[in-house]
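Protein chains: 2
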Amino acid sequence: MANRKSVTLVDVAKYAGVSIATVSRYLNGVRVRPELAVKVAEAVEKFDYRLNPAARLIKGQKSETIGVILPELDHPYFATLLEGAAEQAREFGQSILVGSCHGKHEVEEQTIDQFAHNILDGLIYTPVAKSVNLIEIEAFRELPVVIAARDKSVYPELPHVYQDTHGGGYLSTKYLLSLGHRKIAFFASFWEPGFTEMGMLDILKTPGTGVYSSLNRFSGYLEALQEFGISYDPKLVIKCSYGFEDGKSAAKELLSRMIEFDSIVTASDYVACGVIDTLEAQGISVPNDVSVMGYGNLELGKIIKPQLSTIHQNMFELGKQSVRSLHDVIHEKDTEDILLDVELIVRDSTSKKEI
Amino acid sequence: MANRKSVTLVDVAKYAGVSIATVSRYLNGVRVRPELAVKVAEAVEKFDYRLNPAARLIKGQKSETIGVILPELDHPYFATLLEGAAEQAREFGQSILVGSCHGKHEVEEQTIDQFAHNILDGLIYTPVAKSVNLIEIEAFRELPVVIAARDKSVYPELPHVYQDTHGGGYLSTKYLLSLGHRKIAFFASFWEPGFTEMGMLDILKTPGTGVYSSLNRFSGYLEALQEFGISYDPKLVIKCSYGFEDGKSAAKELLSRMIEFDSIVTASDYVACGVIDTLEAQGISVPNDVSVMGYGNLELGKIIKPQLSTIHQNMFELGKQSVRSLHDVIHEKDTEDILLDVELIVRDSTSKKEI
DNA sequence: TAGTTTATAGTAAATGTTTACAGTTGCACT
DNA sequence: AGTGCAACTGTAAACATTTACTATAAACTA
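As they're listed, the protein sequences go chains A and B. Offset between the first sequence (1-based) and my numbering: plus 991. Offset between the second sequence (1-based) and my numbering: plus 991.
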């Protein structure tokens, strides 16, 4: 039977010969006398009736809708995160209102504002990485919020679901060390020229830097070096963003420094691809001459030659877990931060150091 | 000023010393006397007041929310489509409720059902490609719907926004022909063993096949061949889905047929990568021995070696345009189907035929 | 059997808007 | 000044639910 313009509780109740309260209760899973339940069920069936979500909302019910705000939707990390979130939300019977910031701050603020005043039960929010000046978000006082895929430092008072970037940097570096590499270059997005002269503790304390999860990757790198008793050489650190072209130019920069290096830890598979591209163009073979670690385990890494050794971060799981955590916050269970493990994937862009 | 639990029209009206109707009108852009407008503005400011969306909805207002249902969110095509949709939606002041089907039919049906009874102004829907048995969608009678990124045949009565797959197949093939290639293999997802013995017209008419946009790509291939007076050889057609591994095995299949071929038209950049991988592993050089066309112009194609010659389809624009078309349907302007042009990208996986 | 408890049903109020309708004000014109 | 009209404002009735409260009937208990 067609779901006409407005079949309402009243219609159903009339048809079933009961009061609207009974229909409402039946539909909300409150016990009603079996005979009546049958009649209501029939009426509901007959009209293909659903409760009007708007009308329920006005009475302060949950909307069973959560917001997800990401820096961009067409980057594999976030796309996969979103897919994971969608799956978990579906299992919870929730819908997802999605917002992209296009990497722009104005948009971010605007989107959050729009969302905050929407009828959401909660929000999963991944701030744009460059957010040094964090947005002061009024809405966060009212709305359950989980921060996804960003290091704890971002909004310390809010629950986080994030990957172990420190572990990622540590694992990469330790693996290269175990292969015999000792001159390990590190490509870091947060790096600033001034840092070359600073001690590492000072760098870690520089205001503004704390926002970057890349910094934790760096501290993992340092830890591994230390464990092997290798002293850290700031000349081996290059500023590098996350794209293919960024990898290319950072590799050129490294080459231009005329210092020895036998391997590189990057922050993204795209960067690793760019690095390999540039290196090979200079006649430097990967992995024979230089080993290169990717980060993120994108599809791409299995396709290019050499296949990328990399760090796997399970963004799908991260998406799911974010929704779960948010679910807890919404239902006022206490929620702990969740740090997701990261995994070393060994493929062909790394090899034992030739002596 | 904090946006407390429930600041309502009444509060604002009281504070401003006017009636709730006036506040409502002011907020909805209906002219009110300037003095009052000022007072209302002050009150609104003071309470940081927003209209309660749920309460408006109950009166049948638009929700300014549209649904977008895609087969998967973490495939670059759909991710980019979604990003485009998000941008346009933002410009229209609309929010996006997103649903992924995980490529599964049950989920698809369930998701649509959930969405249809949500408070949406409209829906953008990209059915799962394998949908041979199309879902009979009750909701489509009530809700403005635009079909995105699928050939017109899918839901003939609904407006479509889609890419010119026929043109894509034609462009690819014609380009290879212009390079001197004459034995052009075609990898097609819809292909069935029985088709080898059938004439091409019969194939085009086979029920079930019509759903695949891949079929249009094939008809473009045929058209180009015909234009060059080349007869079509069904032995050069291989069934192949859209992934990297699919490309690998289809290439092996082609090789095993022991027939001559000088080039391949694929349906996806992933497939092209798989093909190249397999070919090179057999000592067949791309593009020197065989030219390979990708499809889709993914990021990946600029990264691998050789860089992929491919067909660019602007999924971002497709996403934007879908939202625009839906906007028209919602506002009862008449909407035409939109066919987006496709563009030949020449890179390094194709070359002049050596004689 | 009468009294008490339990289970369930119905009534009506409440939710926060929009908007039809009726009322008010001020202004231009005669 | 009186009339007509335009421009606005306010009142109150929807809108489709949920739920506190009250009513009723049945099931126990003594």
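Heads up, the beta-carbon is just placed ideally off N, CA and C, and yes, glycines get one too. Given the structure is predicted, the values throughout are model-derived calculations rather than measurements.
Proximity below 8 angstroms, CB of V1348(A) to CB of P1118(A): This structure gives no information on residue 1348(A), because the portion of chain A shown stretches from 992 to 1346.
Minimum C-alpha distance to T1257(A) - residue among V1281(A), L1018(A), I1329(A), G1020(A): Along the first sequence, read from residue 1 onward, the residue named residue 1257(A) stands at position 266. For T1257(A), the nearest C-alpha among the options comes from V1281(A).
Residue burial classification, Q1273(B) (beta-carbon count within 10 angstroms, cutoff 16): Here residue 1273(B) is taken as the residue at index 282 of the second sequence, counted from 1. Q1273(B) should be labelled exposed.
Helix, strand or coil at K1005(B) according to DSSP, with G and I counted as helix: Here residue 1005(B) refers to the residue found at position 14 of the second sequence. It is helical.
Contacts that H1318(B) makes with chain A (C-beta to C-beta distance below 9 angstroms): Your numbering for residue 1318(B) matches position 327 in the second sequence. The CB of H1318(B) never comes closer than 9 angstroms to any CB in chain A; the least such distance is about 17 angstroms.
Proximal residues of chain B, C-beta to C-beta of P1044(A) below 9 angstroms: Reading the first sequence from its first residue, position 53 is the one you call residue 1044(A). Identification of chain B residues near P1044(A) by a Cβ-Cβ cut-off of 9 angstroms yields A1045, L1048, H1108, N1109, I1110, ordered along the chain.
Burial state of Y1085(B), where buried means 16 or more other Cβ atoms lie within 10 Å: The sequence position of residue 1085(B) within the second sequence is 94, counting from 1. The residue asked about is misnamed: residue 1085(B) is Gln in this sequence, not Tyr. Classification of Q1085(B): buried, given that the 10 Å Cβ count is 16 or more.
Classification of H1322(A) by the beta-carbon crowding that lies within 10 angstroms, buried from 16 upward: Against the first sequence, residue 1322(A) aligns to sequence position 331. Burial call: exposed.
Buried/exposed call for A1032(A), threshold 16 Cβ in 10 Å: Translated into the one-based positions of the first sequence, residue 1032(A) becomes position 41. A1032(A) comes out exposed.
Start-end ranges of the alpha helix (DSSP H) lying completely within the region 1205-1252 of chain A, minimum 4 residues: Listed in chain order, the complete alpha helix (DSSP H) runs (minimum 4 residues) inside the region 1205-1252 of chain A are 1235-1247.
Against chain B: residues of the region 1087-1103 of chain A by CB proximity under 9 angstroms: The region 1087-1103 of chain A vs chain B, Cβ under 9 angstroms: I1087, L1088, V1089, G1090, S1091, H1093, V1098, Q1101, T1102.
CB contact check: L1291(B) to chain A, cutoff 8 angstroms: Walking along the second sequence from the start, residue 1291(B) turns up at place 300. Interface residue, yes.
Beta-carbon spacing of Q1105(A), V1314(A) below 8 angstroms: For this step, residue 1105(A) is matched to residue 114 along the first sequence. For this step, residue 1314(A) is matched to residue 323 along the first sequence. No; because the gap between Cβ atoms is not below 8 angstroms, this pair is not in contact.
Beta-carbon contacts of E1074(A) that lie in its chain and below 8 angstroms, excluding the five residues immediately before and after: The residue you call residue 1074(A) lines up with position 83 of the first sequence. Hits under 8 angstroms: F1307, G1310.
Residue interval of the alpha helix (DSSP H) (run including E1334(A)): Position 343 of the first sequence, counted from the start, is the residue given in the question as residue 1334(A). In the DSSP annotation of this structure, E1334(A) is not part of any alpha helix (DSSP H); the continuous beta strand (DSSP E) holding it starts and ends at 1333-1336.
Within chain B, partners of Q1105(A) - CB distance below 9 angstroms: The count along the first sequence starts at 1 and reaches residue 1105(A) at position 114. For Q1105(A), the chain B residues whose C-beta falls within less than 9 angstroms of its own C-beta are R1081, G1084, S1086, listed in chain order.
Cα-Cα separation, I1175(A) to P1184(A): Here residue 1175(A) is taken as the residue at index 184 of the first sequence, counted from 1. Here residue 1184(A) is taken as the residue at index 193 of the first sequence, counted from 1. Distance between the alpha carbons of I1175(A) and P1184(A): 19 angstroms.
Beta-bridge partners of T1056(B), as assigned by DSSP: For the purposes of this step, residue 1056(B) is taken as residue 65 along the second sequence, with counting starting at 1. As a beta-bridge residue in DSSP terms, T1056(B) pairs with S1086(B).
Inter-stretch contact at 8 angstroms, needing at least 3 Cβ pairs: the region 1225-1243 of chain A / the region 1262-1270 of chain A: Touching, yes, given that three or more Cβ pairs across the two stretches are closer than 8 angstroms.
Length of the line joining the Cα atoms of L1170(A) and G1238(A): The residue you call residue 1170(A) lines up with position 179 of the first sequence. The residue you call residue 1238(A) lines up with position 247 of the first sequence. Cα to Cα, L1170(A) sits roughly 23 angstroms from G1238(A).
Element boundaries [alpha helix (DSSP H), containing Q1273(B)]: Position 282 of the second sequence holds residue 1273(B). Boundaries for Q1273(B): no alpha helix (DSSP H) harbours it, and the DSSP string shows neither H nor E there.
CA-to-CA distance, E1082(B) to V1266(B), given in whole angstroms: For the purposes of this step, residue 1266(B) is taken as the residue at position 275 of the second sequence. For the purposes of this step, residue 1082(B) is taken as the residue at position 91 of the second sequence. Rounded to the nearest angstrom, the two C-alpha atoms are 41 angstroms apart.
Residue of A1107(B), S1180(B), Y1161(B) minimising C-alpha distance to V1136(B): Mapped onto the second sequence, residue 1136(B) falls at position 145. For the residues A1107(B), S1180(B), Y1161(B), the minimum Cα distance to V1136(B) belongs to A1107(B).
Cβ-based neighbour list, R1338(A), same chain, cut-off 6 angstroms, excluding 5 preceding and 5 following: The sequence position of residue 1338(A) within the first sequence is 347, counting from 1. For R1338(A), where only same-chain residues beyond five positions count, the Cβ hits under 6 angstroms are Q1298, L1299, S1300.
Cross-chain neighbours of P1278(B) in chain A, by beta carbon under 7 angstroms: As a working note, residue 1278(B) is residue 287 in the second sequence. Within 7 angstroms Cβ-Cβ: nothing; P1278(B) doesn't reach chain A, min ~16 angstroms.
Sheet register partners of Q1154(B) (DSSP bridge): Within the second sequence, numbered from 1, the residue matching residue 1154(B) stands at position 163. For Q1154(B), which the question treats as bridged, DSSP gives the partners L1331(B).
Y1068(B) versus I1229(A): straight-line alpha-carbon distance, rounded: What you label residue 1068(B) is simply residue 77 of the second sequence in a count that begins at 1. What you label residue 1229(A) is simply residue 238 of the first sequence in a count that begins at 1. Here the alpha carbons of I1229(A) and Y1068(B) stand approximately 33 angstroms from one another.
Backbone secondary structure at I1138(B) - three-state DSSP: Counting from 1 along the second sequence, the entry for residue 1138(B) is found at position 147. Strand.
I1294(A) and L1291(B) closer than 8 angstroms at C-beta: The residue given as residue 1294(A) occupies position 303 in the first sequence. The residue given as residue 1291(B) occupies position 300 in the second sequence. It is a contact, given that the beta carbons lie within the stated cut-off.
Where the region 1057-1072 of chain B meets chain A: residues whose CB sits under 9 angstroms from a CB there: Those residues of the region 1057-1072 of chain B that come within reach of chain A (Cβ to Cβ, closer than 9 angstroms) are G1058, V1059, E1063, L1064, D1065, H1066, P1067, F1069, A1070, T1071, L1072.
Residues of its chain near S1210(B), where Cβ-Cβ distance is below 6 angstroms and the 5 sequence neighbours each way are ignored: By 1-based counting over the second sequence, the position of residue 1210(B) is 219. Once the five neighbours on either side are set aside, the close Cβ partners of S1210(B) are H1157.
Beta-carbon neighbours of I1115(A), restricted to chain B and to distances below 9 angstroms: Here residue 1115(A) corresponds to residue number 124 of the first sequence, with the count starting at 1. Chain B residues near I1115(A): none, gap ~13 angstroms exceeds 9 angstroms.
Three-state secondary structure (DSSP) of F1106(B): Here residue 1106(B) is taken as the residue at index 115 of the second sequence, counted from 1. Assignment of F1106(B) by DSSP, reduced to helix, strand and coil, places it in the helix class.
Close beta carbons around K1165(B), own chain, < 6 angstroms, minus the five adjacent residues each side: Within the second sequence, numbered from 1, the residue matching residue 1165(B) stands at position 174. The residues are A1215.
Span separating the alpha-carbon of I1329(B) from that of V1152(B): Position 338 of the second sequence, counted from the first residue, corresponds to residue 1329(B). Position 161 of the second sequence, counted from the first residue, corresponds to residue 1152(B). Between the C-alpha atoms of I1329(B) and V1152(B) there is a straight-line separation of about 5 angstroms.
Beta-carbon spacing of Q1353(B), Q1154(B) below 8 angstroms: Outside the displayed range of chain B (992 to 1346) lies residue 1353(B), so it cannot be described from this structure.
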